[in-house]
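Enquirer: Keeping their order, the protein sequence lines are chains H and W. Per numbering that gives the first Met the number 0, the first sequence starts with residue 0, numbered consecutively. Per numbering that gives the first Met the number 0, the second sequence starts with residue 0, numbered consecutively. Beta carbons: idealized from backbone N, C-alpha and C, even for Gly.
2 protein chains.
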Amino acid sequence: MKVILEPIGKIVDARKYEDLLKVCRKAGINILSECGGIGVCGKCKIIIKDQEFVSKHTGVEKHHFSKEEINEGYRLACQTKVLFTEGILKIIIPKESISEKRKIQSIGFEREIQIEPLIKKIHLILDKPSLFDLRSDSQRIIDSIMKKYNIHNLEINFDILKDIPNLLREYDWNVTAILWNNKIIDIEKGDTSKLMYGLAIDIGTSKIVCQLIDLINGETVNIAFEENPQIPYGEDIMSRITYVITKENGLKELSSLVKESINKLIEKLCLEKNINPNNIYEAVIVGNTAMHHIFLGIQPKYLALAPYVPVISESINISSKKIGLNINKNANIHVLPVIGGFVGADAVADVLATGIYELDEMCLLIDIGTNSEVFIGNKNGILAASCASGPAFEGMQIKYGMKAISGAIEEFSIKNNGEVIYKTIDNLKPIGICGSGAVDIVAELFINGFIDNRGRFIDIKNPRIIKTDKGYAYIIAWKNETAINEDITFSQEDINAIQLAKSAIHTACVLLMKKMNINEEDIDKLFIAGAFGNYLNPINSINIGLIPDIPIERISFVGNTAISGAKICLLSKKMREEASFITKKIKFIELATDPEFPKELANSMYLPYKDLSKYRSVEERLKNRKVTNF
Amino acid sequence: MKVILEPIGKIVDARKYEDLLKVCRKAGINILSECGGIGVCGKCKIIIKDQEFVSKHTGVEKHHFSKEEINEGYRLACQTKVLFTEGILKIIIPKESISEKRKIQSIGFEREIQIEPLIKKIHLILDKPSLFDLRSDSQRIIDSIMKKYNIHNLEINFDILKDIPNLLREYDWNVTAILWNNKIIDIEKGDTSKLMYGLAIDIGTSKIVCQLIDLINGETVNIAFEENPQIPYGEDIMSRITYVITKENGLKELSSLVKESINKLIEKLCLEKNINPNNIYEAVIVGNTAMHHIFLGIQPKYLALAPYVPVISESINISSKKIGLNINKNANIHVLPVIGGFVGADAVADVLATGIYELDEMCLLIDIGTNSEVFIGNKNGILAASCASGPAFEGMQIKYGMKAISGAIEEFSIKNNGEVIYKTIDNLKPIGICGSGAVDIVAELFINGFIDNRGRFIDIKNPRIIKTDKGYAYIIAWKNETAINEDITFSQEDINAIQLAKSAIHTACVLLMKKMNINEEDIDKLFIAGAFGNYLNPINSINIGLIPDIPIERISFVGNTAISGAKICLLSKKMREEASFITKKIKFIELATDPEFPKELANSMYLPYKDLSKYRSVEERLKNRKVTNF
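1. Keeping to the same chain, check which residues put their C-beta closer than 7 Å to that of aspartate 359 (chain H); ignore five residues upstream and five downstream.
2. Of all Cβ atoms in chain H, is any one closer than 8 Å to the Cβ of threonine 423 (chain W)?
3. Does the distance from the C-beta atom of methionine 515 (chain W) to that of leucine 302 (chain W) stay below 8 Å?
4. At the 8 Å Cβ level, is lysine 161 (chain H) part of the contact set with chain W, yes or no?
5. Considering only DSSP beta bridges, list what cysteine 362 (chain W) is partnered with.
6. Kindly indicate if chain W contains any beta-carbon less than 8 Å away from that of leucine 125 (chain H).
7. With a threshold of 8 Å on Cβ separation, who are the neighbours of valine 257 (chain W) within its own chain once the five nearest residues in sequence on each side are excluded?
8. Could you please give me the residues that DSSP links to histidine 333 (chain W) through a beta bridge?
9. Terminal residues of the continuous alpha helix (DSSP H) containing aspartate 142 (chain H)?
10. Spell out whether any CB of chain W is found under 8 Å from the CB atom of isoleucine 200 (chain H).
11. Cβ atoms of glutamine 298 (chain W) and leucine 250 (chain W): under 8 Å apart, would you say?
12. Cβ atoms of phenylalanine 374 (chain H) and leucine 510 (chain H): under 8 Å apart, would you say?
13. What residues in its chain sit with their C-beta under 6 Å from that of tryptophan 179 (chain H), if we drop five residues either side in the sequence?
14. Grab the span of the alpha helix (DSSP H) containing histidine 505 (chain W) for me, first residue to last.
15. Quick one, which residues of the stretch 307-331 of chain H are near chain W if we go by CB-CB under 9 Å, in chain order?
16. Verify the CB distance criterion: does glutamate 589 (chain W) have a CB-CB separation below 8 Å to chain H?
17. Taking Cβ-Cβ distances shorter than 8 Å, what residues in chain H pair up with isoleucine 636 (chain W)?
18. Name the DSSP beta bridge partners of arginine 74 (chain W), please?
19. Return the chain-ordered list of same chain residues with a C-beta closer than 8 Å to the C-beta of glutamine 113 (chain W), the five sequence neighbours on each side being excluded.
20. Less than 8 Å between the beta carbons of valine 81 (chain W) and alanine 13 (chain W), yes or no?
21. Is it true that the CB of alanine 565 (chain H) sits closer than 8 Å to the CB of valine 283 (chain H)?
22. Quick check: alanine 472 (chain H) and phenylalanine 445 (chain H), are their CB atoms within less than 8 Å of each other?
23. Among H:Ile457, H:Ile517, H:Lys182 and H:Trp172, whose alpha-carbon lies nearest the alpha-carbon of serine 129 (chain H)?
24. Let me know if alanine 591 (chain H) comes out buried or exposed under the rule of 16 or more other beta-carbons within 10 Å of its beta-carbon.
25. According to a CB-to-CB cut-off of less than 8 Å, which residues of the stretch 222-245 of chain W neighbour chain H?
26. Is there a C-beta anywhere in chain W that falls below 8 Å from the one on isoleucine 504 (chain H)?
27. Does any residue of chain H have a CB that is nearer than 8 Å to the CB of asparagine 165 (chain W)?
28. I'd like the list of long-range same chain contacts for isoleucine 464 (chain W), defined as Cβ closer than 8 Å, with 5 residues on each side in sequence excluded.
29. Assign threonine 79 (chain W) to one of three DSSP states: helix, strand, or coil.
30. If the cut-off is 7 Å on Cβ atoms, which residues from the stretch 467-496 of chain H count as contacting chain W, listed in chain order?
31. Identify the residues that DSSP records as bridge partners of cysteine 386 (chain W): which are they?
32. With DSSP collapsed to three states, give me the class of glutamate 357 (chain W).
33. Put glutamate 5 (chain W) into one of helix, strand or coil per three-state DSSP.
34. Taking the alpha-carbon positions, what's the arginine 101 (chain W) to phenylalanine 392 (chain W) distance?
35. If we cut at 8 Å on Cβ distances, does glycine 376 (chain H) have a partner in chain W?
36. If methionine 395 (chain H) and glutamate 225 (chain H) are in contact, beta carbons under 8 Å, what's the gap, nearest whole angstrom?
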């Protein structure tokens with residue numbers, strides 16, 4: 000039967016009575032096992048929701064798992080046998096059962112900023128009350144801060160008033176006050192002014208990235224990420240919104256999932272660095288508009304219905320207690336503003352982090368993800384568009400596609416003599432192909448004349464080209480080279496999936512350039528952002544027409560600028576003000592209503608583009624085609 | 000046996016097998032009964048917690064009460080017989096069983112102010128979103144308000160974001176926005192801009208007064224009050240704080256009691272005027288510091304321990320939802336600032352309502368209550384003191400004392416021929432004596448030579464003077480004149496109780512005048528505030544030395560200025576700012592630490608004062624003593 004291995008999303012064939020440890024290994028997954036598969040070490044844990052497709056629990060499994068774990072579907076892969084020949088079985092491999100690490104961009108380009116967080120910690124040795132000094136506890140704290148730092152209009156958080164009288168006396172009037180803006184949000188015993196942390200969080204459609212930041216020096220202390228736990232409710236935003244609309248309590252359910260996931264990340268970040276989560280006093284959150292609404296528990300229904308307007312576009316400050324994040328209970332959660340239904344707080348962060356709104360040069364900024372955002376402009380104004388580029392660059396919709404984890408082919412080229420060279424993540428035997436590998440494959444097949452400018456195989460005499468019932472395919476790695484005991488191929492369908500994805504992004508670039516009344520040569524800087532972007536080969540990206548034909552020295556890979564935008568807003572009050580300012584400077588362009596959209600989308604399906612005069616460098620490379628077809 | 004009648008606090012003797020309807024009537028209480036005491040009308044409801052002292056429930060009672068009511072101790076007075084000769088039985092007479100109304104000051108002197116509440120209601124007909132107008136729902140509302148009223152920096156309450164998208168569409172974009180300051184706290188369907196109410200609430204130690212106010216014209220729409228339900232936990236503040244400190248959850252318990260009581264008042268106020276509580280968008284609350292802390296759920300412990308400092312002195316804004324008041328869930332609760340442990344938000348309201356902080360004239364302001372506050376000063380600065388004057392003016396600690404309800408002797412005088420004249424509230428047969436009556440009695444006994452300047456009976460030959468085992472007493476009303484079938488007397492002990500209470504207040508006045516370096520003649524205005532104040536005879540108040548000897552044309556009775564201060568803060572943003580400003584202008588003087596305090600307290604025990612040269616008008620009246628003792 001077919002076995003789907005989550006969360007990497009690989010599908011593998013399993014024989015009847017085959018055990019799942021073998022099945023996983025056949026798929027090239029380095030599942031942990033120290034006992035040789037006899038159920039003693041208990042390392043090869045997997046989770047199976049449909050237990051009717053597999054053998055019953057063995058005695059050793061009952062020994063390893065609690066009742067709750069058994070109810071949750073926990074099994075040992077080595078003890079669990081597939082019972083049928085036909086059908087589909089989904090198994091989840093928990094992180095602790097695999098050793099490999101996903102290659103992901105958790106940091107991005109960072110501007111130089113002055114560190115001036117909204118959080119301040121002030122150590123105070125207060126005068127004790129006496130008959131000659133009858134000030135209230137709050138007034139005593141406020142006066143002391145005013146005297147020391149000349150901060151006026153101070154307020155005290157109502158929720159700490161309950162505790163303040165006892166704490167001040169217990170701490171013998173020697174305390175550290177924590178300020179957010181001009182509000183006293185907590186007090187701590189003695190001098191804790193050196194312990195001051197914040198979080199920058201990017202809630203992506205596919206993954207959640209979390210940085211723990213020292214607010215004193217602005218350094219990133221630790222980074223963690225997780226798959227977005229909403230994925231089972233829909234890979235794309237629209238399916239998730241549909242779930243929210245149609246399912247009672249759907250909004251609460253999806254919102255809670257994200258919060259739980261962030262709380263897990265926070266726990267991990269703190270545990271690893273031995274930091275008390277109560278010393279985290281602020282979190283800045285970015286995400287696309289749908290993720291933003293769902294996280295905040297705001298109805299996202301109208302993001303899915305024309306004309307797709309958000310409920311709120313302004314930035315939001317709210318207490319961690321109210322949201323339910325496990326940091327200091329009076330910490331502030333700052334959510335960056337959004338621009339529109341399809342251009343979210345992550346896009347604001349992109350623009351802020353790259354600083355294109357301040358530059359004289361004409362800039363093109365592309366943040367590639369399941370949804371991609373494209374910006375063109377400079378200090379005189381910015382146009383923005385959004386496009387559903389889909390998950391092909393994440394390795395989905397590609398037969399041997401996979402996420403960028405160990406064993407994924409991430410680079411690919413064809414030498415002059417036709418020899419194929421590839422590189423896998425962690426240099427393991429290949430299991431599949433990740434996004435950057437797929438771009439390389441399409442580009443190399445095109446430049447070397449294996450496929451035409453419509454993506455169709457033309458040289459079918461090559462030994463690597465095989466015919467399948469779904470058309471031609473190119474063998475990227477032979478069975479004997481791979482970890483999955485079969486050929487890894489790239490099919491006609493796979494090529495089309497990449498074309499579709501790149502044409503969406505390219506169309507956005509072309510239409511925005513038209514609106515801005517500029518051409519490729521007018522673009523002084525091209526920033527490629529996104530978790531996936533950094534691993535892209537820029538020339539191959541031009542070769543397939545994913546990005547416009549711009550001299551590569553003008554291209555910068557800026558990584559996860561969403562998270563770096565969040566980080567600089569965490570560290571700088573000024574940047575936070577700029578973020579609000581930016582939203583007013585950016586004009587959202589709804590591409591779907593542009594009469595030229597369908598034509599441009601069709602033109603952009605070509606490799607690199609219908610009009611080759613727009614891609615002189617590719618034209619040149621095609622002329623110097625390397626490979627002699629044989 | 001002795002029967003204590005709550006909440007008026009009277010004690011009456013009952014014979015064995017006497018029914019409680021008779022006992023109540025003997026005590027002069029107009030308990031309702033329409034059937035002649037045969038248990039048919041069910042009007043004479045009372046509550047008895049100790050059922051073992053009375054006869055069992057009769058059949059008619061089981062018919063009138065539910066199981067829950069029987070468990071709560073509900074009985075019909077006419078059906079319930081006392082079973083013993085000795086012992087004490089406490090019965091509670093619910094308000095619905097009595098027709099009499101307590102004479103209480105629920106309004107006070109009101110300054111002229113410009114009506115400019117922080118609440119605004121703005122009717123909006125919004126543009127619908129379209130592909131050419133992609134603004135978020137919140138931005139659409141904010142823009143529309145900005146355009147119409149030029150209000151900037153608008154924010155939207157996070158809690159309404161959940162509902163806004165659906166409501167806007169359901170209401171077809173025709174809504175009224177409710178603003179508090181520059182925050183949008185709610186939206187309503189269509190044009191509701193004429194329905195805009197607020198509450199002014201005074202949480203007193205003994206009673207809670209609540210005014211419902213129309214925020215459009217500033218008029219008081221309805222007034223209601225209730226006994227403070229904390230009374231069973233201690234008549235005075237200190238006992239209640241002790242309860243909070245010693246009893247687990249005591250703070251929560253007492254806090255909830257007040258909130259429930261306020262919620263009952265709100266329900267009543269709205270029901271009577273057919274107003275929807277959701278149209279109440281703000282409440283301004285005053286109260287002494289202990290009531291303030293307990294209401295807000297803030298630890299009051301240190302108000303009872305030297306040096307008696309409050310936890311917070313600044314004003315507080317908090318949502319009704321958080322506090323638990325049943326008005327619009329996003330309404331703002333504004334609590335006025337406090338000055339010190341013994342000078343609370345009610346005192347700030349007093350000063351604000353009388354406006355003494357703005358006057359050129361030297362003012363003395365006395366707010367008489369269980370705790371009394373005294374202020375001296377003008378626009379150049381104000382000194383404040385607090386004194387535990389005790390509940391004698393509320394009719395407590397006086398043998399025949401009672402609260403100012405129907406049947407209480409409220410005025411008293413002795414004619415030249417020795418004839419006694421008194422007036423009762425509602426002109427009923429007397430049941431007892433309330434505060435203003437007690438002041439009259441002591442003054443008349445003193446001026447007419449029945450007692451000396453130390454309060455001791457000197458003329459013991461008068462037929463109205465009787466000797467009891469606790470000393471002499473004066474018969475105010477003969478048994479045959481009263482509703483209680485016994486003489487109403489005023490004893491030596493009662494006189495001393497009034498002396499103690501008045502000396503506390505007078506001492507505060509004297510010491511503050513000394514601190515201010517002024518004399519009686521320098522006082523241009525004397526304001527007497529408080530629920531009790533308005534019924535005082537000013538000359539008799541001078542005669543006993545409750546207030547300094549000041550020409551009576553300079554005296555104003557200003558009533559419940561605490562509630563009027565709350566009201567003007569509800570109606571005016573400017574007044575609210577003044578309130579904060581006032582707290583900085585008022586200097587609290589701790590009398591107990593003044594070395595002259597004990598001597599002054601002793602001097603003030605005299606009638607009117609030890610040094611008669613300070614009371615020239617009284618000296619004059621004593622010279623012209625009217626009554627020829629016989």
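Expert: In this structure, then:
1. Asn377 and Lys378
2. no
3. no
4. yes
5. W:Gly376 and W:Lys524
6. no
7. The answer, listed in chain order, is Ile202, Ile207, Asn227, Pro228, Gln229, Met290, Ile293 and Phe294.
8. W:Val283 and W:Asn316
9. 136-148
10. No - not a single Cβ of chain W is within 8 Å of the one on isoleucine 200 (chain H).
11. yes
12. No; because the gap between Cβ atoms is not below 8 Å, this pair is not in contact.
13. Leu117, Ile118 and Asn331
14. 491-515
15. Tyr307, Val308, Pro309, Val310, Ile311, Ser312, Glu313, Ile315, Asn316, Ile317 and Lys321
16. yes
17. No answer is possible for residue 636 (chain W): it lies beyond the span of chain W, which begins at 0 and ends at 629.
18. W:Ile45
19. Ser571 and Lys573
20. Against a cut-off of 8 Å, the Cβ pair of alanine 13 (chain W) and valine 81 (chain W) comes out as a contact.
21. yes
22. No.
23. H:Trp172
24. exposed
25. none
26. no
27. Yes - at least one Cβ of chain H is within 8 Å of the one on asparagine 165 (chain W).
28. Here the set comprises Phe449, Phe456, Asp458, Tyr471, Ala472, Tyr473 and Ile474.
29. coil
30. none
31. W:Ser371
32. helix
33. strand
34. Summary for arginine 101 (chain W): the model assigns pLDDT 49, below 50, so the residue's position carries little reliability; its value from the coordinates is reported in the next sentence. One C-alpha to the other measures close to 15 Å.
35. Put simply, the CB of glycine 376 (chain H) is far from chain W, with every gap to its CB atoms at 8 Å or more.
36. No, methionine 395 (chain H) and glutamate 225 (chain H) are not in contact; Cβ-Cβ is about 18 Å, not under 8 Å.
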